[in-house]
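The working numbering applies: residue 19 is where the sequence shown begins, and numbers increase by one.
Note that CB positions come from ideal geometry on N, CA and C, so glycine has one too.
In what follows, a structure is listed as structure tokens, so that the remarks can point back to it.
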Amino acid sequence: METNSFVLKGDVCYNISKDLFDLRPLGYVVCVNGHSAGVYDNGSLPEQYTALPLIDCGHQLIVPGLNDIHVHAPQYGFRGIAMDLELLDWLNTYTFPEEKRYAELAYAENGYSIFAEDLQHSFTTRAVIFATMHVPATELLMDKLEATGLKTYVGKVNMDRNSPDYLTDGSAEQSLSATRKWLSEVESKHYVNTFPILTPRFTPTCSDELMKGLGEIKAELGLPVQSHLSENLSEIDWVKGLCPWSTCYGQTYEHFGLLGSARTIMAHCNYSTNEEIEILKKTDTYVAHCPQSNAFLSSGIAPIRRYLQEGMNVGLGTDVAGGASINMFRAVADAVACSKLRWRCVDQNLAPLTIQEAFYLATIGGGSFFGRVGSFAKGFDFDALVLDDSGIRSPRELNIAQRLERFCYLADEGGKLTAKYVAGRQIQL
Ligand code: GUN
Ligand code: FE
């Protein structure tokens with residue numbers, strides 16, 4: 019799959035700001051060496067691009083790729099079942115026993131093949147992924163993701179306390195040395211699509227000594243970090259007890275240098291206090307908003323409107339298997355729905371998200387974690403989806419914005435992904 023230069027023609031739609039779509043009926047999107055060279059109206063393709071191969075997509079929708087910035091690959095095998103418990107009981111009852119199976123490479127081979135294949139065929143172009151604590155299985159996952167052509171960050175999970183005997187790194191020292199071994203093995207593979215990200219599971223399962231050591235590795239190697247933050251009320255209480263020196267949960271990461279200076283993603287942030295929000299802002303931390311997981315695990319509803327007003331970095335995550343579906347269009351619709359419930363039931367000062375804002379989160383919001391990603395504006399990496407929505411039937415004539423909105427809600431009811439590009443390379447579907 020060579021990077022190349024070409025022109026896509028179709029019904030183009032992408033965000034030019036948080037709350038505005040640029041709509042181009044039968045417009046052109048130009049890809050030159052993997053980057054967007056801009057969007058042009060029907061009949062107005064600049065002379066310099068007329069010699070490029072033109073791929074006519076008819077009246078299909080052409081939109082930027084979607085970025086899932088929080089998903090657990092080893093939990094894919096029990097997605098859509100075991101939804102009857104809240105976070106901490108759900109982890110102990112269903113999640114940890116499933117993740118234990120990835121100690122066995124034969125199980126990992128099967129589970130991660132399914133995950134990588136399904137992600138390849140999904141609406142996701144880039145993802146930030148938790149593996150398990152097991153180094154060989156994590157490398158296997160990275161090998162498989164590398165072959166998909168999608169751009170991903172993958173983390174070997176660190177956990178050295180409050181974890182079952184069958185799923186623990188044992189000690190901070192062992193966890194850190196396993197992490198260094200993993201990083202050096204990954205470096206020698208010279209992946210071009212797949213990158214490591216430090217992944218302390220969350221404060222309850224990571225001792226201060228482990229957090230300190232991960233902060234040192236981060237400072238030494240400049241690696242990004244991902245974890246969970248302020249997802250569930252019992253979890254937050256537990257962190258207060260475990261870290262009596264802290265004044266908020268976010269500080270338990272910041273204290274060890276795990277926020278700021280390199281890119282960091284904290285999943286959820288459903289109950290972040292003013293102090294915690296200040297820390298997230300000061301450190302440019304990304305909030306991975308996971309609306310479906312927050313609903314299914316009864317965790318809460320993040321105040322995403324506030325985070326946008328505060329100018330924070332926010333993207334969307336499916337958080338499989340807390341969320342059941344890897345369909346990122348569903349995540350967009352769920353972000354709108356949850357914001358409405360929050361507005362109605364919690365705080366009428368924070369207006370619900372619009373479809374434009376929710377689509378922004380899935381494209382540029384999370385995409386910016388990877389660089390210039392999530393838009394068709396000139397210079398952005400060329401990530402695109404071509405969508406056939408003719409099977410979502412209606413007697414109505416809809417405009418492009420309405421068709422994209424409908425696709426977010428009804429992708430699974432007649433919508434088809436017919437082509438997918440990441441950094442200008444076409445992904446096999
Ligand atoms: N917090 C710690 N581990 C997890 C996990 O696997 N899923 C979710 N949703 N939250 C977590
Ligand atoms: Fe998660």
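Asked                                                                                                                    : Found
Through-space distance from residue 295 to residue 382, alpha-carbon basis                                               : 21 Å
Own chain residues within Cβ distance below 6 Å of residue 52, not counting five before or after                         : 21, 400, 441 and 442
Nonlocal neighbours in the same chain, by C-beta distance under 7 Å from residue 323, ignoring five residues either side : 357, 368, 369 and 371
Other residues of its chain near residue 119: CB distance less than 7 Å, five sequence neighbours each side excluded     : 125
Exposure label - residue 237; buried when at least 16 CB within 10 Å                                                     : exposed
Reduced DSSP category for residue 160 - H, G, I as helix; E, B as strand; rest coil                                      : helix
Coil, strand or helix - residue 283 by DSSP                                                                              : strand
Cβ-based neighbour list, residue 25, same chain, cut-off 8 Å, excluding 5 preceding and 5 following                      : 46, 47, 48, 49, 63, 67, 70, 71, 72 and 73
Simplified DSSP state of residue 60, which is helix, strand or coil                                                      : coil
Stretch pair the region 409 to 418 + the region 102 to 120: three plus CB contacts closer than 8 Å                       : no
Length of the line joining the Cα atoms of residue 248 and residue 270                                                   : 11 Å
Beta-ladder partner(s) of residue 147, from DSSP                                                                         : 89 and 172
According to DSSP, residues forming a beta bridge with residue 39                                                        : 33
Rounded straight-line distance, which links the Cα of residue 317 to that of residue 422                                 : 29 Å
Straight-line gap, residue 337 to residue 343 (C-alpha atoms, nearest Å)                                                 : 9 Å
CA-to-CA distance, residue 244 to residue 374, given in whole angstroms                                                  : 26 Å
Where the alpha helix (DSSP H) containing residue 418 begins and where it ends                                           : 418 to 428
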